[in-house]
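Taken in sequence, the protein lines are chains A and B.
All residue numbers for the first sequence refer to this note's numbering, where the first residue is 156 and numbers rise by one.
All residue numbers for the second sequence refer to this note's numbering, where the first residue is 156 and numbers rise by one.
Have a look at the structure below before the remarks.
There are 2 protein chains.
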Amino acid sequence: MKIAIIGVGLIGGSIALKLRQENIVHHVFGVDQNQNHLQTAIDRGIIDEATTLDNALAQAELIFLAIPVDAARKLLPQVLDHATKQQTVMDVGSTKCGITAAVKNHPNRQRYVAFHPMWGTENSGPGAATAESFSGRAAVICNAEESAKDALETASHIAENLGMHLIYMSAEDHDLHTAYISHISHITSYALANTVLEKEREEDTIFQLASTGFSSTVRLAKSHPEMWVPIFRQNKENVLDVLNEHITQLRKFKSALEKENYDYLEELIRNANKIRGILK
Amino acid sequence: MKIAIIGVGLIGGSIALKLRQENIVHHVFGVDQNQNHLQTAIDRGIIDEATTLDNALAQAELIFLAIPVDAARKLLPQVLDHATKQQTVMDVGSTKCGITAAVKNHPNRQRYVAFHPMWGTENSGPGAATAESFSGRAAVICNAEESAKDALETASHIAENLGMHLIYMSAEDHDLHTAYISHISHITSYALANTVLEKEREEDTIFQLASTGFSSTVRLAKSHPEMWVPIFRQNKENVLDVLNEHITQLRKFKSALEKENYDYLEELIRNANKIRGILK
């Protein structure tokens, strides 16, 4: 199969590496505005060829949009304009309502599969790409009824070769769930980093002390705004709902401490511990 | 050296395993109220002998208090009552003002070294203990001027054999810094877990979806109240200061989203990204 990766970054690069390793992809076209990323992708054997968007679209059987969600929403209708019945287009974005709405009435809508592999790190760019990223994780396909059967089969074949199990849901459900399990985590990490940077002036000491708990909680705060501002913008309503609830939950801890109500504090913690039974 | 581990849990057990591996400890007395923990510790080769507190104190050259910080604060004066000039007593707690104040005027204060190895996990008990926990991490000694020179040398020798580098500071500074880099992370994780448990009823879906970001952010929410309520109680003022600042920082994200001020949102994220330069 010949594939095109539009946006040769962490996710696009990791997909290409893995599909190549599985021997189901024999030529990878890379398209990116960032020449350094293209060069790194060539050097690392992620892509065979850096080319133009038009050229990639003309030749690839499978096209991945692996760019920020605002850019993907804008670009997808143009890509579908040129899509033939032999081509499948997939995105990998962390929000799905915006992009599926943008092409809902497009004559070639059926060639598109709304796809979200549930993996990422705080790093970005093809230098951070790795073939073993996706194994064992979930991938979501949204609004499957709007895609052609053969396009869904292609997506399923891809997910299988990435080592992922598929979950099907509506774009609305997807955006609600990702607000809980991904988007809010990023906001709390950013806010925690800003808390420390604001209040703690003895940087040397604190970061010598920083233990594993801190690193894992704040790790996501390294994630770039180019990717995350568009996600928060597209999923604003859900993210605000969850953020309001999160602030309410934090206020309960504050109240328990202020009132020195340690029975209540323990109750809050015991409730949180239930996550142990659910999250391995 | 003969040592006593009072509280054969994750930290006490890990210390014993590592010091044994380094061949600087030849007999380990284990004291615990939990008979299952003692049995596990014997089965895993963490301790040689389960015994009474009195017996352990009578025979060990080095005594570790590895119990929750409220219990340690209560027990330390009794342990020091019996301490000879050949014995050293160390604790491993995550707060230091309470325990150092409790023994400030004790006639044997000099035999005690206030010690905090900066490592932990969300798991507890001797089953979770591991020899390679501490390597490369910081350990703090507080109020060193109140300890005898030879007791500090023993603590330094222990830290070295645990693979840790020592940092010296006052108990006040320690409790302020740990509020930032450890205690607040636990509160945000607990609150995040409660947010998800409160709002999200489709548990099956969400936890199938949960990606690495969520797991790492919520991991600490599995930590037990037996350990953490006493820490929050002892460090209440610092934790409240940091928690208030954290809620303020979260409100900035909320405001940016509500007002659709995405330039401000980007600014908040770019500021948080500075953590990248400080935290590897």
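Beta carbons are placed, not taken as given, at the ideal position from N, Cα and C, and that holds for glycine.
Predicted model only: the values in this text are computed from it and were never measured.
Inset, instruction - Could you spell out the range, first to last residue, of the alpha helix (DSSP H) harbouring Pro385 of chain A? - result: Taking the first residue of the first sequence as 1, we reach residue 385 of chain A at position 230. Start and end: Pro380 to Gln389.
Inset, instruction - Please state if the CB of Ile322 of chain B and the CB of Phe408 of chain A are separated by a distance shorter than 8 Å. - result: The residue given as residue 408 of chain A occupies position 253 in the first sequence. The residue given as residue 322 of chain B occupies position 167 in the second sequence. No.
Legend entry - Which of helix, strand or coil DSSP assigns to Pro223 of chain A: Here residue 223 of chain A is taken as the residue at index 68 of the first sequence, counted from 1. In the three-state reduction of the DSSP assignment, Pro223 of chain A falls in the coil class.
Inset, instruction - Within 10 angstroms of the Cβ of Asn349 of chain B, are there 16 or more other Cβ atoms? Answer buried if so, exposed if not. - result: Mapped onto the second sequence, residue 349 of chain B falls at position 194. By the neighbour-count rule (16 or more Cβ atoms within 10 Å), Asn349 of chain B is buried.
Inset, instruction - Figure out for me which residue from B:Glu392, B:Phe184, B:His401 and B:Ile202 has the closest Cα to the Cα of Ser340 of chain B. - result: Counting from one through the second sequence, the residue named residue 340 of chain B turns up at place 185. Cα-wise, what sits closest to Ser340 of chain B is B:His401.
Legend entry - Contacting residues, own chain, Cβ-Cβ under 6 Å from Leu420 of chain B (five flanking each side not counted): Taking the second sequence and counting its residues from 1, the one referred to as residue 420 of chain B is at position 265. These residues qualify, in order along the chain: Ala411.
Inset, instruction - At 8 Å on the CB atoms, spell out the chain A contacts of Val394 of chain B, in chain order. - result: The count along the second sequence starts at 1 and reaches residue 394 of chain B at position 239. Near Val394 of chain B (Cβ distances below 8 Å), the residues of chain A are Leu412.
Legend entry - Beta-carbon proximity list for Met156 of chain B, same chain, < 7 Å, skipping 5 on both sides: The residue you call residue 156 of chain B lines up with position 1 of the second sequence. If we look at Met156 of chain B and ignore the five residues flanking it on each side, its Cβ neighbours are Ile179, Val180, His181, Glu216 and Leu217.
Inset, instruction - Identify the contact partners of Asn316 of chain B in chain A, using a Cβ-Cβ distance below 9 Å as the criterion. - result: One-based indexing of the second sequence puts residue 316 of chain B at position 161. Simply none; closest approach about 19 Å.
Legend entry - Helix, strand or coil at Leu235 of chain B [DSSP, three-state]: Numbered from its first residue, the second sequence carries residue 235 of chain B at position 80. Helix, per DSSP.
Legend entry - Per DSSP, cross-strand counterpart(s) of Cys297 of chain A: Counting from 1 along the first sequence, the entry for residue 297 of chain A is found at position 142. Paired residues: A:Ala269 and A:Met324.
Inset, instruction - For my contact list, Ala376 of chain A and Ala286 of chain B are in at a C-beta cut-off of 8 Å; report their separation, rounded to the angstrom. - result: By 1-based counting over the first sequence, the position of residue 376 of chain A is 221. By 1-based counting over the second sequence, the position of residue 286 of chain B is 131. In fact, because the Cβ distance is near 31 Å, the residues do not count as touching under 8 Å.
Legend entry - Lys157 of chain B - partner residues in DSSP beta bridges: Position 2 of the second sequence, counted from the first residue, corresponds to residue 157 of chain B. In the DSSP output, where bridge partners are listed per residue, Lys157 of chain B has B:His182.
Inset, instruction - Consider the Cβ of Ser371 of chain A: report whether some Cβ of chain B lies at a distance smaller than 8 Å. - result: For this step, residue 371 of chain A is matched to residue 216 along the first sequence. Closer than 8 Å: yes.
Inset, instruction - Determine whether the Cβ of His181 of chain A lies closer than 8 Å to any Cβ atom of chain B. - result: If you number the first sequence from 1, residue 181 of chain A lands on position 26. Using beta-carbon distances, His181 of chain A does not count as an interface residue toward chain B, since no partner is under 8 Å.
Inset, instruction - Take Lys414 of chain A as the anchor and find which of B:Val244, B:Glu413 and B:Lys391 has the nearest alpha-carbon. - result: For this step, residue 414 of chain A is matched to residue 259 along the first sequence. For Lys414 of chain A, the closest alpha carbon among the candidates B:Val244, B:Glu413 and B:Lys391 is that of B:Lys391.
Inset, instruction - Give me whichever residues DSSP pairs with Ala205 of chain B in a beta bridge. - result: Here the question's residue 205 of chain B lines up with position 50 in the second sequence. Ala205 of chain B pairs with B:Gly185.
Inset, instruction - On a CA-only basis, which of A:Leu317, A:Glu204 and A:Glu422 is nearest Val384 of chain B? Give me that one, please. - result: The sequence position of residue 384 of chain B within the second sequence is 229, counting from 1. Of A:Leu317, A:Glu204 and A:Glu422, the residue nearest in Cα terms is A:Glu422.
Inset, instruction - With DSSP as the reference, label Thr285 of chain B as helix, strand or coil. - result: Stepping through the second sequence from its first residue, residue 285 of chain B is reached at position 130. Coil.
Legend entry - Validate contact between the region 220-238 of chain B and the region 196-207 of chain B using beta carbons, cut 8 Å, 3 pairs: no
Inset, instruction - Could you have a look at Thr255 of chain A and say whether DSSP puts it in helix, strand or coil? - result: For the purposes of this step, residue 255 of chain A is identified with residue 100 of the first sequence, where counting begins at 1. Looking at Thr255 of chain A - three-state DSSP - the assignment turns out to be helix.
Inset, instruction - Along the alpha helix (DSSP H) that carries Val351 of chain A, what are the first and last residues, could you check? - result: For the purposes of this step, residue 351 of chain A is identified with residue 196 of the first sequence, where counting begins at 1. Per DSSP, Val351 of chain A is one residue of the alpha helix (DSSP H) stretching across Ile339 to Lys354.
Inset, instruction - Report the residues of the region 301-335 of chain A with a CB closer than 9 Å to any CB of chain B, ordered along the chain. - result: Correct list: His320, Ile322, Met324, Asp328, His329, Leu331, His332, Thr333 and Tyr335.
Legend entry - Ser344 of chain B versus Val373 of chain B - alpha carbon distance: Position 189 of the second sequence, counted from the start, is the residue given in the question as residue 344 of chain B. Position 218 of the second sequence, counted from the start, is the residue given in the question as residue 373 of chain B. Cα-Cα distance, rounded: 5 Å.
Inset, instruction - With distances taken Cα to Cα, identify the nearest neighbour of Leu364 of chain A among B:Val295, B:Ala310 and B:Gly167. - result: Working through the first sequence from its first residue, we reach residue 364 of chain A at position 209. Selected option, being the one with the closest Cα: B:Val295.
Inset, instruction - Output the distance between the C-alpha atoms of Gly168 of chain B and Ala284 of chain B, rounded to the nearest integer angstrom. - result: Counting from one through the second sequence, the residue named residue 168 of chain B turns up at place 13. Counting from one through the second sequence, the residue named residue 284 of chain B turns up at place 129. Straight through space, the alpha carbons of Ala284 of chain B and Gly168 of chain B are spaced by roughly 5 Å.
Inset, instruction - Quick one: give me the first and last residue of the alpha helix (DSSP H) that Ala195 of chain A is part of. - result: Counting from 1 along the first sequence, the entry for residue 195 of chain A is found at position 40. Note on residue identity: the sequence assigns Thr, not Ala, to residue 195 of chain A. Element bounds for Thr195 of chain A: Gln190 to Asp198.
Legend entry - Residue from B:Val397, B:Thr360, B:Asp330 and B:Leu317 whose Cα sits closest to the Cα of His320 of chain A: Residue mapping note: residue 320 of chain A aligns to position 165 of the first sequence, counting from 1. Across the set B:Val397, B:Thr360, B:Asp330 and B:Leu317, the C-alpha of B:Thr360 shows the shortest separation from the C-alpha of His320 of chain A.
Legend entry - Cβ pair Ser279 of chain A, Ser337 of chain A closer than 8 Å: Indexing the first sequence from 1 puts residue 279 of chain A at position 124. Indexing the first sequence from 1 puts residue 337 of chain A at position 182. Result no, Cβ atoms of Ser279 of chain A and Ser337 of chain A do not sit closer than 8 Å.
Legend entry - Beta-carbon gap between Ile166 of chain A and Gly275 of chain A smaller than 8 Å: Looking up residue 166 of chain A in the first sequence gives position 11. Looking up residue 275 of chain A in the first sequence gives position 120. Result yes, Cβ atoms of Ile166 of chain A and Gly275 of chain A sit closer than 8 Å.
Legend entry - Neighbour list for Pro380 of chain B in chain A, Cβ cutoff strictly below 7 Å: Numbered from 1 along the second sequence, position 225 holds the residue referred to as residue 380 of chain B. Ordered by position in chain A, the residues that pass the 7 Å Cβ test against Pro380 of chain B are Glu421, Ile424 and Arg425.
Inset, instruction - For the alpha helix (DSSP H) holding Thr309 of chain B, just list the boundary residues, first then last. - result: On the second sequence, position 154 is the one that residue 309 of chain B refers to. Lys304 to Leu317 is the extent of the alpha helix (DSSP H) around Thr309 of chain B.
Legend entry - Any C-beta of chain E under 8 Å from that of Ser340 of chain B: As a matter of chain content, chain E is missing from the structure shown, whose protein chains are A and B.
Inset, instruction - Output yes if chain A places a C-beta closer than 8 Å to the C-beta of Met245 of chain B; else output no. - result: In the second sequence, the residue the question calls residue 245 of chain B occupies position 90. Not an interface residue.
Legend entry - C-beta neighbour in chain B for Glu353 of chain A, strict 8 Å: Locating residue 353 of chain A in the first sequence gives position 198, counting from the first residue. Chain B, which has a Cβ nearer than 8 Å to the Cβ of Glu353 of chain A, makes this yes.
Legend entry - Short CB-CB distance (under 8 Å) between Val224 of chain B and chain A: By one-based count along the second sequence, residue 224 of chain B stands at place 69. Closer than 8 Å: no.
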